[in-house]
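Peer 1: Residue numbering for the sequence shown follows the numbering used here, beginning at -17 and increasing consecutively.
Beta carbons: idealized from backbone N, C-alpha and C, even for Gly.
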Amino acid sequence: MSLILALTLGILYAAGFYLLLRRSMVKLIIGIILLAHAINLLLFLMGRLAPGAAPLIDAGAKQLTGNYADPLPQALILTAIVIGFGLQIFAIVLIRKVYQAVHSDDTANLREEEEPAVSARSEKEHVG
-17 MSLILALTLG ILYAAGFYLL LRRSMVKLII GIILLAHAIN LLLFLMGRLA PGAAPLIDAG
43 AKQLTGNYAD PLPQALILTA IVIGFGLQIF AIVLIRKVYQ AVHSDDTANL REEEEPAVSA
103 RSEKEHVG
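Encoded structure:
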């Protein structure tokens, strides 16, 4: 079970970093999403897998003994999911606005679209 989760974690990280290096902004967002899922899975694995075990102390016990699930990584994962969702929504809206302005999702086109606008603005300032 741990080997399957470790392989899944490696595949998510590799695919996420691969997509981060692509020129398309949509692939960039998908890469960020995959990395967020990989980080959540890593936090989950750090919390020691204990299927069916609750992070509760028995009625007569003074401390946790045996297999138990650590609640701190679970709380961190919940927080990371909320933060990651907010980041994804912000990035999608930002990419939509850039696409409306540039009419392309290629990051190489962003620099090409920016340079003529700067030079046209400079010419207007010199003329007027």
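1. My output table needs one value for Ser(-16): the three-state DSSP class, helix, strand or coil.
2. Please look up how many angstroms separate the CB atoms of Thr61 and Leu23, rounded, as I've assumed it's under 8 angstroms.
3. Measure the CB-CB distance between Gly13 and Gly(-2) and report whether it falls below 9 angstroms.
4. Going straight from the alpha carbon of Leu54 to that of Gly29, what length do you get?
Peer 2: Well, looking at it:
1. Stepping through the sequence shown from its first residue, residue -16 is reached at position 2. Correct three-state label for Ser(-16): helix.
2. Looking up residue 61 in the sequence shown gives position 79. Looking up residue 23 in the sequence shown gives position 41. Not a contact, Cβ separation roughly 15 angstroms.
3. Here residue 13 is taken as the residue at index 31 of the sequence shown, counted from 1. Here residue -2 is taken as the residue at index 16 of the sequence shown, counted from 1. Their beta carbons are under 9 angstroms apart, which means Gly13 touches Gly(-2) by this criterion.
4. Sequence index remark: in the sequence shown, residue 54 carries index 72 (1-based). Sequence index remark: in the sequence shown, residue 29 carries index 47 (1-based). If I take the Cα positions, the gap works out to 7 angstroms.
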